[in-house]
Amino acid sequence: MKRRPYDATRLLKWYPPSWRSRYGDDFLAYVDDTLDGKRPTVGFVSSIALGAVRERAHESGLLGEHPTPAVQSRGGSLLVLCAWSVFMLAGATFSKTSEHFAKAMPAGSSSPARVGFDIVAGCGALGMILVLIGACVALPSFVAFLRSGGWTVARRRILHSLTLTVLALVAIVPLSLWSRHLNSVQRNGGDGAYSGAFIAWAVLIALTLVSWDRVALQCVARMALSSRVLRVEALLATGVSILMVTITAGAALWWVRVGSSAPWFLQGTSYGSSASPLTPNLILTLALMVVAACAGALGVSRIMRSRRHA
Amino acid sequence: MKKTPANEGLRRTNDPPFLILTSLASGPKHGHALAKDIAAFAGVELGPGALYGAITRLEERGLIEPLDGEDRRRPYRITEAGSASLTSAVADMRRLVDVSTARLRLAIGGFS
């Protein structure tokens, strides 16, 4: 009895629509021939998933060489924006971890840690301002794109992102009211229910950022951006990328100083107790910062390459 | 992308675009035939993502082109630019092979 062919149309949907319309039928025939009715292996599916991510990144200008410097520069700026979104998550975790750290430090030892903390806070605020300026600079092109039929294309994603944003903002109110009835130990992992709610809120924020990134990737590739706007965006992206590296250095300085002077603060144990400064959340936070800063640097290198070819 | 154990080590020829151009140099092929041919002559199993990613880039660069297929399968053939690019890559490799061979002979001669 002949085996029923595996339905690979679900896997094909991971690829961008333009790629599907060009290669879809041929690709499905290839999958049918290769699998010959068998179930795909994990490696086979992973290869398709990676290929689809690569094609989507390529289509958005995030990867690969592009024929025009404008597309290359646009992709570089978008890569920095996506990296900044990841960086914001790490920054939020850092902010939560470092809450009220000065009170836990022995007298006279908080200065270098304070410098590190101020670098993170100051550069973080500056980064937000640069991203907002970038959004304002691109706003007229975005409105023009929406008016010329873009709304039909991007409506679903924009509404989805707006819904997530409203949910995330509304959720802050009960969370902050709840936190007022808790002491610092309960706020920092001592209360299981509050920690669960906080993690759920953090996930909601992450989803909101990813959703807006998807809107940006979908719209910016189709927007008509003048060379002046692209130059400004490239400059801002370079600034954001430099700030990511500076913030990472500031966070590392803070960690080293607090870890050597008040490791108990990092572990949430009592004042003066011996504790390891290597906490999983800080390791993850710094790792995320480094990855995002590297992605930002990659974006800037694409911008630089586009300027050389211009 | 998997390699057979015997091919592990200092192989430089597992670059998907190079393998695809080499396969198409003997005539047009569709995706599955390409993958089978590459596995046969190079011992490299290209995954679907790597194979079609390379096909997409090669077509964008005008090094291969699709032909009309009789069914869903679309054969691809190497273009003149593709042949020139492959010829250049092979010449580069040949130079390296010549240097390696000469130096190996020298080393073996020196030890014998």
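Respectively, the protein sequence lines represent chains A and B. Letter by letter, the first sequence follows residues 1 to 310 in this note's numbering. Letter by letter, the second sequence follows residues 1001 to 1112 in this note's numbering. From the three backbone atoms N, C-alpha and C, an ideal C-beta is built for every residue, glycine too.
With a threshold of 8 Å between beta carbons, A:G43 makes contact with chain B. Contact of B:R1074 with chain A is assigned, a C-beta pair being separated by under 8 Å. Of all residues in the region 1053-1065 of chain B, those with a C-beta nearer than 8 Å to a C-beta of chain A are G1053, I1055, T1056, R1057, reading in chain order. Between A:V240 and A:A293, the gap from beta carbon to beta carbon reaches 8 Å or more. In this structure, B:P1066 and B:Y1052 do not form a Cβ contact; the two beta carbons are roughly 12 Å apart against a cut-off of 8 Å. Under the three-state reduction of DSSP, A:K103 is assigned to helix. The C-beta separation of A:A252 from A:G76 comes to about 26 Å, leaving the pair out of contact by the 8 Å criterion. Around B:P1048, the beta-carbon contacts reaching into chain A at under 8 Å are F27, Y30, V31, T34, F44, S47, I48, G51.
For A:Y271, the number of other beta carbons within 10 angstroms of its own is below 16, and it is reported as exposed. DSSP places B:P1066 within a strand segment (E or B) once states are collapsed to three. Separation of the CB atoms of A:L126 and A:L288 is rounded to 20 Å, and the pair is thereby denied contact status at 8 Å. Unbroken alpha helix (DSSP H) runs of no fewer than 4 residues, entirely contained in the region 181-251 of chain A, are found at 192-220, following chain order. Between the region 204-214 of chain A and the region 34-51 of chain A there are fewer than three C-beta pairs closer than 8 Å, too few to call the two in contact. B:L1019 is classed as buried because its beta carbon has at least 16 other beta carbons within 10 Å across all chains shown. For A:R74, the uninterrupted alpha helix (DSSP H) segment begins and ends at 69-97. For B:A1035, the chain A residues whose C-beta falls within less than 8 Å of its own C-beta are Y30, T34, listed in chain order. DSSP lists B:I1064 as the beta-bridge partner residues of B:I1078. Short of 7 Å from the beta carbon of A:L182, and not among the five residues preceding or following it, lie these beta carbons of its own chain, in chain order: D191, Y194. The beta carbons of B:L1063 and B:A1081 sit closer together than 8 Å. Across the region 1021-1033 of chain B, CB contacts with chain A closer than 9 Å involve H1030, G1031, H1032, A1033, in sequence order along the chain. Remark: C-beta atoms of A:G91 and A:I205 do not approach each other more closely than 8 Å. For A:G124, the enclosing alpha helix (DSSP H) begins and ends at 111-145. Between A:E233 and A:V300, the beta carbon gap of about 12 Å keeps them out of contact (Cβ cut-off 8 Å). Rounded to the nearest whole angstrom, the C-alpha separation of A:K13 and A:R20 is 8 Å.
Distance from the CA of A:R308 to the CA of B:S1085, rounded to the nearest whole angstrom, comes to 24 Å. Taking a beta-carbon distance threshold of 8 Å, A:E55 counts as an interface residue toward chain B. The closest CA to that of A:L79, considering only A:L177, A:L298, A:R305, A:M304, is found on A:L298. Of the candidates A:R22, A:W201, A:T41, the residue whose Cα lies closest to the Cα of A:L164 is A:W201. Per DSSP, reduced to three states, the secondary structure at A:K38 is coil, with no helix or strand assignment.
Residues of chain B whose Cβ lies closer than 9 Å to the Cβ of A:Y194 do not exist; the shortest such Cβ separation is about 43 Å. Looking at the DSSP output, A:K13 bridges to nothing. Under DSSP, B:K1029 shares a beta bridge with B:Y1076. In this structure, A:V86 is the residue among A:S141, A:V86, A:V45, A:P263 with its C-alpha nearest to the C-alpha of A:V291. Under the Cβ criterion (8 Å, minimum of three pairs), the region 254-265 of chain A counts as touching the region 114-128 of chain A.
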